[in-house]
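Reading through the structure tokens given below for one structure.
There are 2 protein chains.
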Amino acid sequence: MITWQNIQTELLRRISERIWLPGELVPKEVELAAEFGCARATVNRAMREMANSGILSRKRKAGTRVAINPVRKATLDIPVIRLDIENRGASYRYLMLSREIIRPPPFIANRLTLGVDNELLHLRAVHFSDNQPFVYEERWVNPAAIPEILNADLSLESANEWLVHHALFTSGDISFSAHNATENEAEVFGIITGTALFVVERLTWLGTIPITSVCLSYAPGFKMHTDL
Amino acid sequence: MITWQNIQTELLRRISERIWLPGELVPKEVELAAEFGCARATVNRAMREMANSGILSRKRKAGTRVAINPVRKATLDIPVIRLDIENRGASYRYLMLSREIIRPPPFIANRLTLGVDNELLHLRAVHFSDNQPFVYEERWVNPAAIPEILNADLSLESANEWLVHHALFTSGDISFSAHNATENEAEVFGIITGTALFVVERLTWLGTIPITSVCLSYAPGFKMHTDL
DNA sequence: TAGTGGTCTAGACCACTAT
DNA sequence: TAGTGGTCTAGACCACTAA
């Protein structure tokens, strides 16, 4: 029996062996289905997934082409920090540094598309891996989106985890960058000010209501890794 | 007509409104198909994609559950650098700094799983965005994988682009990190040594043959961004 | 061993878009 | 307007795995 994976493998072979060149039109679904002796849906599944990974480029009526500039897609897993650490075989510990309900600075209010008058929950915490500081977290939570969090004991369960369990978001964005450690971060990590840190910023929404904005600074030397 | 997107939206609603709680068993495909009055394949498509994004967790015989710790998947586009720059509305310019065929240092040979005796093509280049240095590229190419590259004029077309057009890879890995600018990088970007730079390292393979290892340092302040 | 998801089929209609 | 991919259906068999 021909599976869609079989077809995908064969199509990938034809592309990587340059039997089908970048930009070239490839046979249409019906033709390939005939060639492989399978249903069109099977070919469709194979090619659709290849289009999703950026290897093929498909347009109705125009047909399917080998992508000229394959925009490869790297899929990064964004797990709960505790699991990330435990999966590396290390022990996890969490420490809340501060918790306050205050009006946010303008750039945070702006990022969350809220007025500066709305009071937000502001949290600072450290996640430890084998008792070494691994991630420094600075978070702002919109209580209007999820009032229950004001009663949660976030010194035991991290806000990261609490939110995952109590407030699934519907959309969000994430960005990765580098910055020089502030004095504050240098103290947390026991490093000198200015050391390059890998930073992840995340913003999540429930429908049109902003839930949380978080900035995670990783310990020096951290690499986020994935396969292509 | 019920589409798989309709179903996905409805299932997401039930999860985000906590009608279905994390860890909870959700109705099986046949039941949902009956409820929505559609074919099982349609429900399958909706749930399969949600499982791929980490929202559901599915096991044969055990059924489908709302993921307890949703490992959200962020999909990053890895385009050719020229397109990345042009898509930001900036002009692109490329400058090859050096090209030599030498034996690699041990850590590079090791990363490519090659002996230190194999001579490799070593390239250093800068990609400019609106005439500002945007990415500094340091690359090692294995000529055994793709001998034609030795004859390519890589001062005109970047190795990045040449490889995309002439050597589709079958597998690879990528990692993101931060490091303090070396003197060399500081000079390229016109910044002070030690400035935090966002770094992407990539390694690609054609079957079992290593093709290239590249290290890209982005200009200060660069953020890699995507939606969740 | 039985239940659930994974996939294939053959056919159909629809949506988009190049011409 | 016609051609191509996108999706749905109803039914079938299979693969994996919990019990």
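Line by line, the protein sequences give chains P and W. Numbering follows numbering that gives the first Met the number 0, in which position 47 of the first sequence is assigned residue number 46; successive positions increment by one, without gaps. Numbering follows numbering that gives the first Met the number 0, in which position 34 of the second sequence is assigned residue number 33; successive positions increment by one, without gaps. C-beta atoms are modelled at their ideal positions from N, C-alpha and C, and glycine is treated no differently.
Check whether residue i and residue j have beta carbons under 8 Å apart
i	j	result
W/L20	P/I173	no
P/G53	P/A38	no
W/F35	W/R92	no
P/M95	P/L122	yes
P/P132	P/V187	yes
W/L205	W/A144	yes
W/I237	P/A73	The structure shown does not extend to residue 237 of chain W, since chain W spans only 0 to 227, so no value can be given for it.
P/R64	P/E30	no
P/V79	P/E160	yes
W/V25	W/A32	no
W/N179	P/A195	yes
W/R201	W/G171	yes
Of the residues the options, the one placed nearest residue i, counting alpha carbons only
i	options	result
W/A218	W/F197, W/D152 and W/L55	W/F197
W/R12	P/T169, P/L24 and P/N179	P/T169
P/N5	P/E156, P/E160, P/A45 and P/L205	P/A45
W/V115	W/S216, W/A195 and W/P104	W/P104
P/P142	P/S212, P/T194 and P/N130	P/S212
P/A158	P/G22, P/L215 and P/F175	P/L215
P/I208	P/H178, P/S176, P/L113 and P/I191	P/L113
W/S15	P/M0, P/V70, P/E147 and P/L167	P/L167
W/G193	W/N86, W/A177 and W/R201	W/A177
W/I210	W/L162, W/K222 and W/A185	W/L162
W/I84	W/S56, W/V134 and W/A50	W/V134
P/A124	P/N51, P/H164, P/N117 and P/R81	P/R81
Limits of the beta strand (DSSP E) - the one that residue i falls within
i	result
W/P219	Note, W/P219: premise wrong, no beta strand (DSSP E); not H, not E.
P/S15	Segment W3 to S15 is the alpha helix (DSSP H) holding P/S15; no beta strand (DSSP E) there.
P/R87	No beta strand (DSSP E) holds P/R87; DSSP gives it neither H nor E.
W/D76	R71 to I77
W/L55	L55 to K58
P/V115	Taken as a continuous stretch (DSSP letters only), P/V115 belongs to no beta strand (DSSP E), as it is neither H nor E.
P/R64	G62 to V65
P/R138	Q131 to V140
W/W204	A195 to L205
Range of the contiguous alpha helix (DSSP H) that encloses residue i
i	result
P/P105	P105 to R110
W/A33	E28 to F35
W/L120	No alpha helix (DSSP H) contains W/L120, which is instead part of the beta strand (DSSP E) from L119 to S128.
W/L162	A158 to H165
P/V42	R39 to N51
P/F168	No alpha helix (DSSP H) holds P/F168; DSSP gives it neither H nor E.
W/A185	E182 to F188
Cβ of residue i within 8 Å of any chain W Cβ
i	result
P/G193	yes
P/A73	yes
P/M223	yes
P/H126	no
P/N179	yes
P/D226	yes
P/I1	no
P/D76	yes
P/I14	yes
P/S154	no
P/L11	yes
P/L167	yes
P/L205	yes
P/L82	yes
P/P69	yes
Neighbour flag for residue i against chain P, beta carbons, 8 Å
i	result
W/I173	yes
W/V42	no
W/L111	no
W/F197	yes
W/P146	no
W/N5	no
W/V187	no
W/V163	yes
W/S176	yes
W/L55	no
W/N86	no
W/V140	no
W/P228	As shown, chain W starts at 0 and ends at 227. That puts residue 228 of chain W outside it, with no answer to give.
heavy atom of the ligand SAH below 7 Å from residue i C-beta
i	result
P/A38	No copy of the ligand SAH occurs in the structure displayed, which carries no ligand at all.
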